[in-house]
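Just so you know, the protein sequences line up as chains E and C, in that order. The first sequence begins at 63 in the numbering used here and counts up by one. The second sequence begins at 34 in the numbering used here and counts up by one.
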Amino acid sequence: MSDEPLVLGIETSCDETGIGIVRGTTLLVDAIASSVEEHARFGGVVPEVASRAHLEAMVPTIQRACETAGVALTDLDGIAVTSGPGLAGALMVGVASAKALALSLGLPLYGVNHLASHVAVDIVEHGPLPEPTMALLVSGGHSSLLLVPDVTSDVRPLGSTVDDAAGEAFDKVARVLGLPFPGGPHIDRAARDGQITIDFPRGLTAGRDMERHRFDFSFSGLKTAVTRWVTAEREAGRGIPVADVAASFQEAVTDVLTRKAIDACREHGADHLQIGGGVAANSRLRAMARERCDRAGIQLRVPRPGLCTDNGAMVAALGAQMMLKGREASRLDLPADSSMPVTLVRA
Amino acid sequence: MVILGIDTSTSAIGVGLGRDGETLASAQRIDARGHSEHLAPLIVELLRDNGLVPRDLDAIAVGNGPGPFTGLRVGLVTAVTMGHALGIPVHGVCSLDVLAVQAGRPEGELLVATDARRKEVYWARYAVGAGSVARLVGPAVDRPADLPQEVRALPTVGRGPVLFPDLFRDGDQAVLDVDAGVLVEVVARRLAAGEAMPVEALYLRRPDALTTAERAAR
Ligand SMILES: [Zn+2]
């Protein structure tokens, strides 16, 4: 049994209550309860609404995961939980629940980094991670380029956003275009009927910026440019070509993301690029990354969309890796750390 | 019948153990921001010090609040997850009821007022009879000055009088936070009386956010 640990993972860093169960490197179940519809009324994630939903969903989601996987809690070998980064109050619900499971069942507890989990999840999808792997994580909460020599112990941040996260830019532009929250899928859909007719700015890609911020991202200027463009058109009494604006905006975001990711692969001798996070579900990002990786001779790994967004499977996957590699467990006084640094893989 | 009690509705993280209606032990740590760090180790220690393991538990008692949301949820989610993992029932009680019992007052009326932050208190009014404590009004959350003068004049337990000494004149400083050992007794008594005790977070406030429609209406 010890070489195939059965691990339950809990993820509550934002608005999804995720429970996943992994045996070794095999995903048995990925159960999710999302409060996204409650947040839609507010036009964005409200931390207190998310935390209340986590409390309500926790036990039913654990129960559903176990039933679907045909696993009893007493069969488990370990518990893993996202201990950060994320929304403090939301994280605390997951961390407390994980501790309760660990102490009730007498199991080791692994408090793991949310970003490292986004990388580790691809192990259950596409097999062992090449070492090193380059990871591009893009969502409403993060935009990071990570060099990953060992996902259980060594994750090195190369760059991240200096202002808005990529997913935030999607949400804000969607609002400007009158599209619903969350913006990502709606912009993706609208863009399919559009043409790339507007040349929006690519943040931190030229001149001095490339010296100081070669692997960093900035999406706030892009968001402002879209807002200005739309406002100017409205003031001129013209209708807004929503599909074209969506396509042009999406092109600018994916151009910067893929360009910098491939540059980072070359610079650090990584011949594998993995993309994760909610924005990885974007169809244009997937297509452009595929095309540019092929041209650069880089292997692209993208988990299926359900495993790119926040989920419990990714936490279980990383927990199982921790056990397989004999990493030390966390202590029961493990804190929920909303600003957990990415270099800290296990708290 | 062994019951574990958990309450995180105040700045104290409290745990308690009872057997057949008698309190075996209780422990607490005061740390308004440390609920998620301290609770699990406290439970492990309490069980170990009393020669028990989690499997020995027959039920769990938890304080439903009201209390500051983040800390309150730590206790609630710990209780329901442990109950599920161990396959035992979890019973919830209004935390203010426990403070009212802790007060140990002679017959008469009693006020419980705890810290709700934002210059407000969670409060409830009780009638103490021979061997009984019954909630008359509440739980509610209000600015203390908005409570009627005659209510504020009642003997008061909880941290309300510490925070607003001018408004609550008859505060009892001996009873400030929930004792989870007393919580276990309260649950044992209600179980014996056949009362249902659902676990439900008593938030008493809506989340602080406006819906898109509300924002537009401003
Ligand atoms: Zn994420």
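Every residue, glycine too, gets a C-beta built ideally from N, C-alpha and C.
- Residue contact with chain C for residue 159 of chain E: present (Cβ-Cβ distance below 9 Å to some residue of chain C).
- Between residue 60 of chain C and residue 211 of chain C, the C-beta spacing is not below 9 Å.
- Counting only residues of its own chain and dropping the five nearest sequence neighbours on each side, residue 72 of chain C has a CB closer than 8 Å to the CB of 39, 41, 46, 48, 107, 108 and 111.
- Across the set C/175, C/157, C/139 and C/173, the C-alpha of C/139 shows the shortest separation from the C-alpha of residue 164 of chain C.
- Residue 240 of chain C carries a coil assignment under DSSP once its states are collapsed to helix, strand and coil.
- When the Cα atoms are used, residue 84 of chain E and residue 186 of chain C turn out to be separated by approximately 59 Å.
- The beta carbons of residue 237 of chain E and residue 245 of chain E sit closer together than 9 Å.
- Between residue 135 of chain E and residue 118 of chain C, the C-beta spacing is below 9 Å.
- Using a Cβ distance threshold of 9 Å, residue 394 of chain E and residue 165 of chain E count as a contacting pair.
- Closest in C-alpha terms to residue 156 of chain E, from the list E/402, E/404, E/398 and E/409, comes E/398.
- In terms of beta-carbon proximity, residue 124 of chain E lines the interface with chain C, with at least one pair separated by less than 9 Å.
- Closest in alpha carbon position to residue 124 of chain C, among C/233, C/248 and C/166, is C/233.
- Within the same chain, Cβ atoms closer than 6 Å to the Cβ of residue 306 of chain E are found at 256, 257 and 259, the five residues on either side in sequence being excluded.
- Secondary structure in the segment 229-305 of chain E: the alpha helix (DSSP H) runs of 4 residues or longer, each lying completely within the stretch, are 245-253, 269-274 and 282-297 in chain order.
- Comparing C-alpha distances from residue 357 of chain E to each of E/376, E/370 and E/321 shows the shortest one belongs to E/321.
- By the Cβ neighbour-count rule, residue 83 of chain C is exposed, with fewer than 16 other Cβ atoms within 10 Å of its own.
- Taking C-beta separations shorter than 7 Å and ignoring five residues to either side along the sequence, the partners of residue 150 of chain E in its chain run 398 and 400, following chain order.
- For residue 74 of chain C, the uninterrupted alpha helix (DSSP H) run begins and ends at 68-82, by DSSP.
- Residue environment analysis places residue 315 of chain E among the buried positions, since at least 16 neighbouring C-beta atoms fall within 10 angstroms of its C-beta.
- Per the DSSP secondary-structure output, residue 47 of chain C pairs in a beta bridge with C/40 and C/61.
- Look at which beta carbons fall closer than 5 Å to any heavy atom of ligand 1; those residues are E/201 and E/372.
- Assignment of residue 175 of chain C by DSSP, reduced to helix, strand and coil, places it in the strand class.
- According to the DSSP secondary-structure assignment, residue 336 of chain E is paired through a beta bridge with E/197 and E/363.
- For residue 249 of chain C, the uninterrupted alpha helix (DSSP H) run begins and ends at 245-250, by DSSP.
- For residue 248 of chain E and residue 107 of chain E, the gap between their C-alpha atoms comes out near 17 Å.
- The beta-carbon of residue 40 of chain C is placed no less than 9 Å from the nearest beta-carbon of chain E.
- Proximity of chain C to residue 397 of chain E at the Cβ level (cut-off 9 Å) is accounted for by 67, 69 and 70, in chain order.
- When 9 Å is used as the limit between beta carbons, residue 102 of chain C is near these residues of chain E: 110, 113, 114 and 151, in chain order.
- Bounds of any alpha helix (DSSP H) do not take in residue 68 of chain E; it lies within the beta strand (DSSP E) bounded by 68-73.
- Where residue 144 of chain E is concerned, the enclosing beta strand (DSSP E) starts and stops at 140-146.
- Boundaries of the beta strand (DSSP E) harbouring residue 124 of chain C: 123-126, taken from the DSSP string.
- Taking a contact to require three or more Cβ pairs closer than 8 Å, the segment 186-201 of chain E and the segment 330-348 of chain E qualify as touching.
- Excluding sequence positions up to five before and after residue 91 of chain E, its CB lies within less than 7 Å of the CB of 82, 83, 127, 130 and 131, all in the same chain and listed in chain order.
- Of all residues in the segment 82-108 of chain E, only 103, 104, 105 and 108 come within less than 8 Å of chain C when Cβ atoms are compared, listed by chain position.
- Sorting E/209, E/406, E/97 and E/383 by C-alpha distance to the C-alpha of residue 142 of chain E places E/383 at the top.
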